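Single-structure report; data block below.
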Amino acid sequence: MHTQSPSTSAQIEEKLQKAIISLQLKEFKSIRKAAEHFEVPKSTLADRLAGKKTRSQTHEMAQILSNAEENTLVRWISRLTITGFPATPMLVKEMADEIRLRRVRVASSRNPTSTEIPPIGHEWIYRFQKRHPELKTCYSRQLESNRAKEATPENIQAWFDAFRTRLIERKYELDDMYNMDETGFGVGSTQSTRIIVDSTQNWKCSITYGHFQGSEYEFCMDSKGHTSKLAVLY
Numbered sequence: 308m309h310t311q312s313p314s315t316s317a318q319i320e321e322k323l324q325k326a327i328i329s330l331q332l333k334e335f336k337s338i339r340k341a342a343e344h345f346e347v348p349k350s351t352l353a354d355r356l357a358g359k360k361t362r363s364q365t366h367e368m369a370q371i372l373s374n375a376e377e378n379t380l381v382r383w384i385s386r387l388t389i390t391g392f393p394a395t396p397m398l399v400k401e402m403a404d405e406i407r408l409r410r411v412r413v414a415s416s417r418n419p420t421s422t423e424i425p426p427i428g429h430e431w432i433y434r435f436q437k438r439h440p441e442l443k444t445c446y447s448r449q450l451e452s453n454r455a456k457e458a459t460p461e462n463i464q465a466w467f468d469a470f471r472t473r474l475i476e477r478k479y480e481l482d483d484m485y486n487m488d489e490t491g492f493g494v495g496s497t498q499s500t501r502i503i504v505d506s507t508q509n510w511k512c513s514i515t516y517g518h519f520q521g522s523e524y525e526f527c528m529d530s531k532g533h534t535s536k537l538a539v540l541y
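First residue of the sequence shown: 308, per our numbering; consecutive thereafter.
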């Protein structure tokens, strides 16, 4: 026995639109007849004729931005990702507010009524990213210009060659060799920044020419595990 597969939401919506058009053209004398012909719920068809919104339309109206406006914002974030200057969450919120403000201005010019725009909440950015999973939050640390210019494969290899030559010339013992590690925090444009990027795009880093100040903590250990005192550098 052949059973008809249930219609998808898109198929039902298409049937509803056809039923509405047929009723507007007076091809059917009643809503019931149109609903039976197009195999759609009579109550749903009656609601649509009365102006009731679809679930997707209702959800879109509850959003800060419409689906089309959000897609525009996603494309803007994607372009910034590609150029190597990704947007911060604050910048994304400011752009969303600007898009919404332009829409309200156009609507106000057509229907001049006082409209109060509620501010975009702190949780909106998380809901926005949830609706667009390709947008990821990460931390970006800009590279100082002098490090970016000098940290080339040739310069790094030259340093190791000079280090090896020095070891051979001076005949250093392993006990006299220390490994030094450092950590710390910085103040300035080289600090890490929270950003939102399009994870589907390949993006390159940017170089900052800003001023950097910071403090470093250095720790040394030799080949036998002997350690030095912790040093703090300002």
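A virtual CB, placed ideally from N, CA and C, is assigned to each residue, including glycine.
In this text, all values refer to a predicted model and were calculated from it rather than measured experimentally.
- Per DSSP, the beta bridge partners of residue 504 are 443.
- Below 8 Å, enough C-beta pairs join the segment 344-358 and the segment 315-331 to call them touching: three or more.
- The three-state reading of DSSP puts residue 316 in helix, counting H, G and I together.
- Here residue 458 carries a coil assignment [DSSP, helix/strand/coil].
- In this structure, DSSP gives residue 499 an extended state, which the three-state scheme calls strand.
- Between residue 389 and residue 431, the CB-CB gap reaches or exceeds 8 Å.
- In chain order, 503 place their CB closer than 6 Å to the CB of residue 444, counting only its own chain and leaving out the 5 sequence neighbours on each side.
- Its Cα nearest to that of residue 505, the residue 378 stands out among 468, 378 and 479.
- Spatial neighbours of residue 436 in its own chain (CB-CB distance under 6 Å, excluding positions within 5 residues in sequence) are listed in chain order as 442.
- Here residue 329 is not near residue 342, since their CB atoms are 8 Å or more apart.
- Residue 357 sits in coil when the DSSP states are folded into three classes, being neither helix nor strand.
- Residue pairing by DSSP places residue 394 opposite 503 in a beta bridge.
- Per DSSP, reduced to three states, the secondary structure at residue 335 is coil, with no helix or strand assignment.
- Annotated three-state conformation of residue 475 is helix, per DSSP.
- Nearest to residue 400 by alpha-carbon distance, out of 413, 391, 376 and 412, is 376.
- Taking a C-beta distance under 8 Å as the contact criterion, residue 403 and residue 427 qualify as a contact pair.
- The three-state secondary structure of residue 408, taken from DSSP, is helix.
- Counting along the chain, residue 432 sits inside the alpha helix (DSSP H) bounded by residues 431-438.
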